[in-house]
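Each residue of the sequence shown is one higher than the one before, starting from 350 at the first, in the working numbering.
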Amino acid sequence: MNKSDLIAALAKETDLPLRKSEEIVNLVFDTMSVALVEGNRIEIRGFGSFMVKEYQGYTGRNPKTGDKIAVNEKRLPFFKTGKELREHVDEPE
Numbered sequence: 350m351n352k353s354d355l356i357a358a359l360a361k362e363t364d365l366p367l368r369k370s371e372e373i374v375n376l377v378f379d380t381m382s383v384a385l386v387e388g389n390r391i392e393i394r395g396f397g398s399f400m401v402k403e404y405q406g407y408t409g410r411n412p413k414t415g416d417k418i419a420v421n422e423k424r425l426p427f428f429k430t431g432k433e434l435r436e437h438v439d440e441p442e
């Protein structure tokens, strides 16, 4: 499922026009993105949680040349599945 499929499913389920469904989906994702940029944690019960993990810089190696390179520290989004979602996906069909 991609974003367009999600918008279409929302429109079908709620009888909203596609344009309004798109605004709602965009608002949800934009709000989540802003919260993560600000360092907040997002928890959706039964689904999972989103957070930002900070990774320290380190000295890496270019696999092609073997030269050492400095890898800067970085912040990356991280998703941890909730128990209900994990169990639901693991159920036999």
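Heads up, the beta-carbon is just placed ideally off N, CA and C, and yes, glycines get one too.
Where residue i falls: helix, strand or coil (DSSP)
i	result
Met381	helix
Lys413	coil
Glu403	strand
N-terminal and C-terminal residue of the beta strand (DSSP E) that residue i is part of
i	result
Thr408	407-410
Arg424	423-430
Phe396	Element bounds for Phe396: n/a, residue is neither H nor E.
Endpoints, alpha helix (DSSP H) assigned at residue i
i	result
Glu362	352-363
Nearest-angstrom beta carbon gap, residue j and residue i [assumed within contact, 8 angstroms]
i	j	result
Arg390	Ser398	6 angstroms
Ser370	Ala360	4 angstroms
Glu403	Glu387	14 angstroms between Cβ atoms; not a contact.
Phe427	Met400	5 angstroms
Strand pairing of residue i, partner residues [DSSP]
i	result
Ile373	Paired residues: none, contrary to the question.
Val438	In the DSSP output, where bridge partners are listed per residue, Val438 has none listed.
Val386	Bridge partners of Val386: none, in fact.
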